[in-house]
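As structure tokens, the structure follows; a few thoughts come after it.
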Amino acid sequence: MTVPALQLANVCRAYGVGETRVEVLKGVDLEIRPGEMVALVAPSGAGKSTLLHIAGLLEHCDSGEVFIGETATTGLDDGARTRIRRNELGFIYQFHHLLPEFSALENVVMPQRIAGLAIGEAEKRGREILTFLGLSHRLDHRPGELSGGEQQRVAIARAVANTPRLLLADEPTGNLDPETGDHVFATLSALVKQSGLAALMATHNLELAQRMDRRITLKGGQVVDLP
Numbered sequence: 077m078t079v080p081a082l083q084l085a086n087v088c089r090a091y092g093v094g095e096t097r098v099e100v101l102k103g104v105d106l107e108i109r110p111g112e113m114v115a116l117v118a119p120s121g122a123g124k125s126t127l128l129h130i131a132g133l134l135e136h137c138d139s140g141e142v143f144i145g146e147t148a149t150t151g152l153d154d155g156a157r158t159r160i161r162r163n164e165l166g167f168i169y170q171f172h173h174l175l176p177e178f179s180a181l182e183n184v185v186m187p188q189r190i191a192g193l194a195i196g197e198a199e200k201r202g203r204e205i206l207t208f209l210g211l212s213h214r215l216d217h218r219p220g221e222l223s224g225g226e227q228q229r230v231a232i233a234r235a236v237a238n239t240p241r242l243l244l245a246d247e248p249t250g251n252l253d254p255e256t257g258d259h260v261f262a263t264l265s266a267l268v269k270q271s272g273l274a275a276l277m278a279t280h281n282l283e284l285a286q287r288m289d290r291r292i293t294l295k296g297g298q299v300v301d302l303p
């Protein structure tokens, strides 16, 4: 059987002390496999951001284990966790966070260069991804010259530039109008299926959630499957 791209095993996380202590995650178990797109649908305050931060190694859990592929990560030092984030994980947020002074291609090349890829290879891969996402005519445009949907597609290209194992997305279409959001989701879904990476996407858009392979929510601090 294929090794999960992400596995959370009995993960717990609480904030505060004493009477102010709030248990956000209470023994969460979750697996996401390569090529699978999972929607995380839950109301504000349920723990979506905490779950994404722990899955993305941006935050430590109090107990339990987080596996990225076959690697157990909770006991790793900050340097090792940073290397996994850089090489194994991709992040997409509601706002694109592109660097405004650089072109679309340069924004996609940069994480590859940081990871040590030669400039020629980084540019070649950047062009390929942006072309796949329908942006071959926008390679040299800066973010301010792109539409909202184009900016978010560049952000997707940047997130997958280093061929991550797992893609984590937090409301990636939340700032877009419905038609543009639908187009961005379609390109993201096609990319996931073609590349075989795994994706966990937090969204309030129930229509988009229904188009993913699985839907989960958080109830009482635990992951529950939705129909």
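Be aware that the sequence shown starts at 77, since it is given in our numbering, and climbs by one per residue.
Cβ atoms here follow ideal geometry from the backbone N, Cα and C, with glycine treated the same way.
Is the CB-CB distance between residue i and residue j below 8 angstroms?
i      : j      : result
Thr279 : Glu255 : no
Gly272 : Gly111 : yes
Leu215 : Gly166 : no
Asn238 : Ala191 : yes
Val236 : Leu211 : no
Ile26  : Ala231 : Nothing about residue 26 can be read from this structure; the chain reaches only from 77 to 303.
Leu181 : Leu206 : yes
Arg234 : Pro187 : yes
Val117 : Arg290 : no
Val87  : Leu101 : yes
Gly202 : Val184 : yes
Output the distance between the C-alpha atoms of residue i and residue j, rounded to the nearest integer angstrom.
i      : j      : result
Ala148 : Glu141 : 7 angstroms
Met288 : Val300 : 16 angstroms
Asp105 : Gly123 : 14 angstroms
Leu276 : Glu199 : 27 angstroms
Gly220 : Val98  : 41 angstroms
Val339 : Arg157 : Residue 339 lies beyond the stretch modelled for the chain, which goes from 77 to 303, so this question has no answer here.
Asp154 : Ile160 : 10 angstroms
Thr150 : Glu164 : 15 angstroms
Glu107 : Phe143 : 9 angstroms
Gln228 : Gly103 : 34 angstroms
Lys269 : Glu95  : 46 angstroms
His129 : Pro303 : 25 angstroms
Phe178 : Ala285 : 33 angstroms
With DSSP as the reference, please indicate the residues paired to residue i in a beta bridge.
i      : result
Arg291 : Ala115, Leu302
Thr147 : Ile144
Lys124 : Bridge partners of Lys124: none, in fact.
Gln228 : According to DSSP, Gln228 bridges with nothing at all.
Ile168 : Ala245
Which residue's Cα is closest to the Cα of residue i: the options?
i      : options                : result
Gly297 : Phe171, Arg89, Thr78   : Arg89
Tyr91  : Ala85, Phe143, His136  : His136
Pro240 : Phe261, Leu82, Thr78   : Leu82
Leu294 : Thr96, Ser120, Glu95   : Ser120
Gln170 : Ile292, Leu152, Asn281 : Asn281
Arg109 : His213, Gly202, Gly145 : Gly145
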